[in-house]
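Worksheet for the structure shown next.
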Amino acid sequence: MQILHHGAVNGVTGSCHQLIIDINNSLLVDCGLFQGAETSGRGDDDLLSIEFDISTVQALLVTHCHIDHVGRLPYLLAAGFNGPIIATEATAALLPMVIEDALKVGVTRNQSIIKACLARLKDQLIAVPYQQWFEVTLKGARRTKVKFQPAGHILGSAYIEIDVKADVKGSEQTAKRVVFSGDLGATYSPLLASPKSPYKADIVVIESTYGDKNHQGRRDRAKSLEKVLIKAISDNGVVIIPAFSIGRTQELLYELEQITAKAKFKKLADIEVIVDSPMAAKFTEHYQHFQTLWDAEAKRRVKQGRQPLNFDSLYTVDTHQEHMQVVEYLANRSKPAIVIAASGMCSGGRVVNYLKRFITEPTADVLFVGYQAQGTLGRQIQQYGPSGGYVFIDGEKLDVKAGVHTISGYSAHADQSNLVNFIKRIRKGPEKVIIVHGDQQAKESLKDKLLALDKNMLVEIGKG
Numbered sequence: 183m184q185i186l187h188h189g190a191v192n193g194v195t196g197s198c199h200q201l202i203i204d205i206n207n208s209l210l211v212d213c214g215l216f217q218g219a220e221t222s223g224r225g226d227d228d229l230l231s232i233e234f235d236i237s238t239v240q241a242l243l244v245t246h247c248h249i250d251h252v253g254r255l256p257y258l259l260a261a262g263f264n265g266p267i268i269a270t271e272a273t274a275a276l277l278p279m280v281i282e283d284a285l286k287v288g289v290t291r292n293q294s295i296i297k298a299c300l301a302r303l304k305d306q307l308i309a310v311p312y313q314q315w316f317e318v319t320l321k322g323a324r325r326t327k328v329k330f331q332p333a334g335h336i337l338g339s340a341y342i343e344i345d346v347k348a349d350v351k352g353s354e355q356t357a358k359r360v361v362f363s364g365d366l367g368a369t370y371s372p373l374l375a376s377p378k379s380p381y382k383a384d385i386v387v388i389e390s391t392y393g394d395k396n397h398q399g400r401r402d403r404a405k406s407l408e409k410v411l412i413k414a415i416s417d418n419g420v421v422i423i424p425a426f427s428i429g430r431t432q433e434l435l436y437e438l439e440q441i442t443a444k445a446k447f448k449k450l451a452d453i454e455v456i457v458d459s460p461m462a463a464k465f466t467e468h469y470q471h472f473q474t475l476w477d478a479e480a481k482r483r484v485k486q487g488r489q490p491l492n493f494d495s496l497y498t499v500d501t502h503q504e505h506m507q508v509v510e511y512l513a514n515r516s517k518p519a520i521v522i523a524a525s526g527m528c529s530g531g532r533v534v535n536y537l538k539r540f541i542t543e544p545t546a547d548v549l550f551v552g553y554q555a556q557g558t559l560g561r562q563i564q565q566y567g568p569s570g571g572y573v574f575i576d577g578e579k580l581d582v583k584a585g586v587h588t589i590s591g592y593s594a595h596a597d598q599s600n601l602v603n604f605i606k607r608i609r610k611g612p613e614k615v616i617i618v619h620g621d622q623q624a625k626e627s628l629k630d631k632l633l634a635l636d637k638n639m640l641v642e643i644g645k646g
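In this text, residue positions in the sequence shown follow our numbering: the first is 183, and each later residue adds one.
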């Protein structure tokens, strides 16, 4: 058995891992898009094409539907993959929308091509419930079963347990259990329950996005968020929050509803919250549909008659024309507002127009609530903005006069202590841990922590 990494080894994007079972069989876990600095010096063909051998791939297992985990899926289909695409029920509901949007933004507007790709996807897509073993058909005598466990990262996200077993001349070999973490959620994140470690694992492939950092506690981050809102109210400013359409946007809405519901003064209670993303609006509907996956706290709020994702001061922007009108409206406003817009790393999308218009205004604030990959506009603003620097947006040099804030506690990713505890709490712990999906410093730091946890455990950093 061997594990090959076709992405997420030099950074946090392009997640794609191949579990080689034997010469005839393998499983693919995720098939994500490269973003940010990881695209530097590489042409589109190199970034998008499937350059590895897929002739033995019997199934694609999808941990969740963020673009850095599923963005190369159309190219996998184009390369001839016709096996099952297995995901949780919620991920299966979201995935066609994500792929359709990715095709329109990065590939083609040709509706016949898009429809053909989506038809292929839906034909191969298999939705499975959490916490139930599902057998994957392989060639020959091998038998493999997989189980999706809640990962707490976004709606439908999972870490995946894979049991590889072989029948050899009538005798059954002991199964090897391999766990792929996907992206794990942070403890005490709003809306979704925190992930629980598997009972056993022989090998774990684990993400390390925040392998060198620990997040703020939830109470502290809520106070930090409220502090930024109060500043906006005091100077009638716009708070721009770049956020991914799936996960981060819904968590923010949940927290903003709590802050405004408990506000002691009217201006904070009535502050406009604008979600400028049709995709985010659609995903929010799915979050509401899958309320059975919410955590106990969120379910209590609903029972109390609260609407954590659909409160009175929330407005959703749909068309591009409406988007441009809102930018103009905010430029001439006489009251504060909060704008949540994609993309989360400012690498494109509607948030760029807000940044271009307001980043030079001292009354504005840019609030980062998630990881900003190297080479993205978000990382540049985060890095140079607080020291009075500048950035280029659409080729125009703009001085960053807006306030720049980072609240890491709202990250949908587990922090260092969460990651260490995920390994530590595996009752029958792994012989080997492979660290992927992180910058080099984060991976090295997590490796040191895991080695200190168990010196007999083999810990290595995944290589492409």
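C-beta atoms are modelled at their ideal positions from N, C-alpha and C, and glycine is treated no differently.
Following the DSSP letters along the chain, one finds Thr270 inside the beta strand (DSSP E) bounded by residues Ile267 to Thr270. The three-state secondary structure of Ile202, taken from DSSP, is strand. Between Pro544 and the set Ile422, Ala404 and Thr326, the nearest pair of CA atoms involves Ile422. With a threshold of 16 other beta carbon atoms within 10 Å, Ser294 falls short and is exposed. In this structure, DSSP gives Glu454 an extended state, which the three-state scheme calls strand.
From the listed residues Ile522, Ile388, Ile344 and Ile453, the smallest Cα separation to Gln432 is found for Ile522.
If you draw a straight line from the Cα of Gln564 to the Cα of Glu642, it comes to about 30 Å.
Under the three-state reduction of DSSP, Phe316 is assigned to strand.
Around the beta carbon of Asn264, a 10 Å sphere encloses fewer than 16 other beta carbons of the protein chains shown; the residue is thus reported as exposed. Note that the C-beta distance between Pro380 and Val361 is below 7 Å.
Restricting attention to Tyr536, Cys528 and Lys481, the CA atom closest to the CA of Val508 is found in Tyr536.
The three-state secondary structure of Lys610, taken from DSSP, is strand. C-alpha of Ala298 to C-alpha of Leu450: approximately 48 Å in a straight line. Residue pairing from DSSP places Ile388 in a beta bridge opposite Ile617. Under the three-state reduction of DSSP output, Pro460 falls in the helix class. DSSP places Ile185 in the strand class (E or B) of the three-state scheme. Here the alpha carbon of Pro460 sits roughly 5 Å from the alpha carbon of Asp500. Residue environment: His188 is assigned as buried (16 or more neighbouring CB atoms within 10 Å of its CB, all protein chains considered). Three or more beta-carbon pairs drawn from the stretch 435-454 and the stretch 483-498 are found closer than 8 Å, and the two stretches are therefore classed as touching.
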